[in-house]
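Residue numbers (our numbering): -8 to 411.
All residues carry an ideal CB built from backbone N, CA and C; glycine is no exception.
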Amino acid sequence: MASAQRLTLNDAIKMALENRWELKNQQLQVQLAEGENDKLKAKWLPQVNASADMRWNTQLQTSVFKNAPFANGQDVKLVLGVPFNNNLGLSAEQKVYDAATKYDRQLNQATVQSQTITLEKLKSDLKLAVTEAYFAALFQREKLVLAEKTVERTKAYWEAGKTKFEKGALLKNDLDRLVLEFNNAQSNLNKSRQDEALSVENLKYQIGLKSEVVVELTENLTSLFLQNQSLSLESTIDQRPEILQEQAALKINELTEQKQKARLAPVVSAYGNYTALQLNDTFNPFASGTWFPFNYIGMKLNVPVFDGKQTALLKRDYAIKAQVNRNNVEKLKADFGYEVRNTTNILNQEKINLEDTKANLVLAQQILETDRFRYEKGTILLSDLKNTEYSLQSAENNYLTSVYNFLVAAVRYKKAVGGL
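Next comes the structure, spelled out in structure tokens:
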């Protein structure tokens, strides 16, 4: 244990939030969504292109002038152009107005929000899983302690019975019964060790630790119970990540529906071009007097006239999807309202069970103390004392189970009311 990694419940949760790969991937998804803002801004930067074209006309085009007046009405064949044409150009285009752009920005903001909510939901689910795994590991550890005590007690009875049997003060059948009780206790101890190891292994998986890492849980069920026995949280189911996720999806579908309408709006762009054209009989880009520049600027208007009803059909689809989201939000609110009521009832019932099992435990301890005194005085048999001890053992197990069930009910109540 000297090299074991000590863990409190808060340590385990913190480690899980740092180690689990699905959280790391979701954080990257948030970064990708945030990066879309830069892409949207980049679309509004000028789009500039440079071009170069060097052409060698190995055979010039021939044109025919029919009934040329300068040739007495005869047909004239003329070869036009020069062997070498070189072209250098620079063009730029700047979008001036696009009605869909504002919806693109709003959609991306909604997407970022949706990815962030998904991250928070993963964290909430992981906190619940780690907490329950931590409780289970503590529960199995304390059951193991009880099983070890049972082995020690049955072994003591067996060894004492063996001494009596050797002296002729105990029947063989009674000794066999003591051996059987010890063997059963040993089998139960072996199973408890296996259950404890499996629960710790599950905890290490939940927090993202390798299997070979040794951990030591520094808390116990009683200390955690004392932290949660006065649990009272205000219900905030409207802030449950599942509802926020559905509301984000609703916003995305509503914005997408509005964007479809914006697709029919005009798109205005400005553009310009500057080109230098060289015409020469030989390939010599540096020859003076052979370059002839030209340039132009303009505005372009693109107005969608008919798109085959695609926009109207898409608007209809997204309107239906938005209504599905609204219905889902109401359903989730009803589901979570029921979950809060149900977990509250379970938590209250576990409180009652805990009080009952604690009272039974105290009573069983008192009875055992009395019966030990009576056994020493010879007023009851060993079998009666053992029955009393079995009752105490059952009371201890019931109390331990009640504490564990209460803690599980408490953490599920926290998640139900949005406090996890």
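**Study point:** Own chain partners of G289 with C-beta closer than 7 Å, once the 5 adjacent residues on each side are dropped
**Key:** Against the sequence shown, residue 289 aligns to sequence position 298. Short of 7 Å from the beta carbon of G289, and not among the five residues preceding or following it, lie these beta carbons of its own chain, in chain order: Y262.
Review point. Straight-line CA distance for D298 to L255?
Key: Locating residue 298 in the sequence shown gives position 307, where the first residue counts as 1. Locating residue 255 in the sequence shown gives position 264, where the first residue counts as 1. For D298 and L255, the distance between alpha carbons rounds to 9 Å.
Practice item. Return the Cβ separation of N318 and A240 in integer angstroms, given the expectation that the two are a contact with Cβ distance under 8 Å. Key: Against the sequence shown, residue 318 aligns to sequence position 327. Against the sequence shown, residue 240 aligns to sequence position 249. That pair is no contact at about 12 Å.
Review point. Do you know offhand how far V353's Cα is from L398's?
Key: Translated into positions along the sequence shown, residue 353 becomes position 362. Translated into positions along the sequence shown, residue 398 becomes position 407. Distance between the alpha carbons of V353 and L398 is about 21 Å.
**Study point:** Whole-Å CB distance - Q236 paired with K405, under 8 Å assumed
**Key:** Stepping through the sequence shown from its first residue, residue 236 is reached at position 245. Stepping through the sequence shown from its first residue, residue 405 is reached at position 414. Their Cβ separation, rounded to whole angstroms, is 19 Å, which puts Q236 and K405 out of contact at 8 Å.
**Study point:** Complete beta strand (DSSP E) runs within the segment 37 to 78 (minimum length 3 residues, chain order)
**Key:** 38 to 47, 53 to 59 and 65 to 70
Exercise for review: Compute the Euclidean distance between the alpha carbons of K153 and N181, then round it to the nearest angstrom.
Suggested key: For the purposes of this step, residue 153 is identified with residue 162 of the sequence shown, where counting begins at 1. For the purposes of this step, residue 181 is identified with residue 190 of the sequence shown, where counting begins at 1. Taking C-alpha positions only, K153 is separated from N181 by approximately 24 Å.
**Study point:** Chain-order list of residues whose beta-carbon lies under 6 Å from that of L383 (same chain, five-residue window excluded)
**Key:** By one-based count along the sequence shown, residue 383 stands at place 392. For L383, where only same-chain residues beyond five positions count, the Cβ hits under 6 Å are A355 and L359.
Point to revise | Rounded straight-line distance, which links the Cα of Q22 to that of K252 | key: Along the sequence shown, read from residue 1 onward, the residue named residue 252 stands at position 261. Along the sequence shown, read from residue 1 onward, the residue named residue 22 stands at position 31. In a straight line, the C-alpha of K252 is about 29 Å away from that of Q22.
Check your understanding: Helix or strand or just coil, what does DSSP make of V294?
Key -> Indexing the sequence shown from 1 puts residue 294 at position 303. Note: V294 maps to coil in three-state DSSP.
Review point. N378: which of Y88, Q104, D362 and L391 sits nearest, CA to CA?
Key: Looking up residue 378 in the sequence shown gives position 387. Comparing Cα positions, the closest option is D362.
Exercise for review: Spatial neighbours of A(-7) within its chain, please: CB distance less than 8 Å, with the 5 preceding and 5 following residues excluded, ordered by chain position.
Suggested key: Here the question's residue -7 lines up with position 2 in the sequence shown. For A(-7), the predicted model reports a pLDDT of 49, less than 50, meaning its position is unreliable; a value from the coordinates is still stated below. The answer is none, since no qualifying residue turns up.
**Study point:** Inter-residue CB distance, E187 and R132 (contact presumed, cutoff 8 Å)
**Key:** Here residue 187 corresponds to residue number 196 of the sequence shown, with the count starting at 1. Here residue 132 corresponds to residue number 141 of the sequence shown, with the count starting at 1. Between R132 and E187 the Cβ distance is about 6 Å, and since that is below 8 Å, they are a contact.
Practice item. Report the option in Y309, L14 and G409 whose CA atom is closest to the CA atom of L224. Key: Working through the sequence shown from its first residue, we reach residue 224 at position 233. Closest by alpha carbon: G409.
Review point. What does K140 pair with, by DSSP beta-bridge criteria?
Key: Against the sequence shown, residue 140 aligns to sequence position 149. None; K140 has no bridge partner.
Check your understanding: Hey, would you say A128 sits closer than 8 Å to S190, going by beta carbons?
Key -> Position 137 of the sequence shown, counted from the first residue, corresponds to residue 128. Position 199 of the sequence shown, counted from the first residue, corresponds to residue 190. Yes, the Cβ-Cβ distance between A128 and S190 is below 8 Å.
Practice item. Under 8 Å by Cβ, that's how I've got K306 and E233 pegged, so tell me the actual separation to the nearest angstrom. Key: Within the sequence shown, numbered from 1, the residue matching residue 306 stands at position 315. Within the sequence shown, numbered from 1, the residue matching residue 233 stands at position 242. No, K306 and E233 are not in contact; Cβ-Cβ is about 28 Å, not under 8 Å.
Check your understanding: Using DSSP with H/G/I as helix, E/B as strand and the rest coil, what is M(-8)?
Key -> Mapped onto the sequence shown, residue -8 falls at position 1. Note that M(-8) has pLDDT 44, beneath the 50 cutoff, so the model's placement of it is unreliable and no number is given.
Check your understanding: Taking the alpha helix (DSSP H) that Q238 falls in, what are its first and last residues?
Key -> Along the sequence shown, one-based indexing puts residue 238 at 247. P232 to A253 is the span of the alpha helix (DSSP H), which, as asked, contains Q238.
Check your understanding: From which residue to which residue does the beta strand (DSSP E) around Q269 run?
Key -> Taking the first residue of the sequence shown as 1, we reach residue 269 at position 278. Unbroken beta strand (DSSP E) run through Q269: V258 to N271.
Check your understanding: K201: beta carbon under 7 Å from a heavy atom of the ligand GTP?
Key -> Of ligands this structure carries none, so the ligand GTP is not represented either.
Check your understanding: Based on the DSSP secondary-structure assignment, which residues constitute the bridge partners of N10?
Key -> As a working mapping, residue 10 is identified with position 19 in the sequence shown. None; N10 has no bridge partner.
Exercise for review: Sort out for me which residues DSSP pairs L208 with in a bridge.
Suggested key: Here residue 208 refers to the residue found at position 217 when the sequence shown is read from its first residue. According to DSSP, L208 bridges with L(-2).
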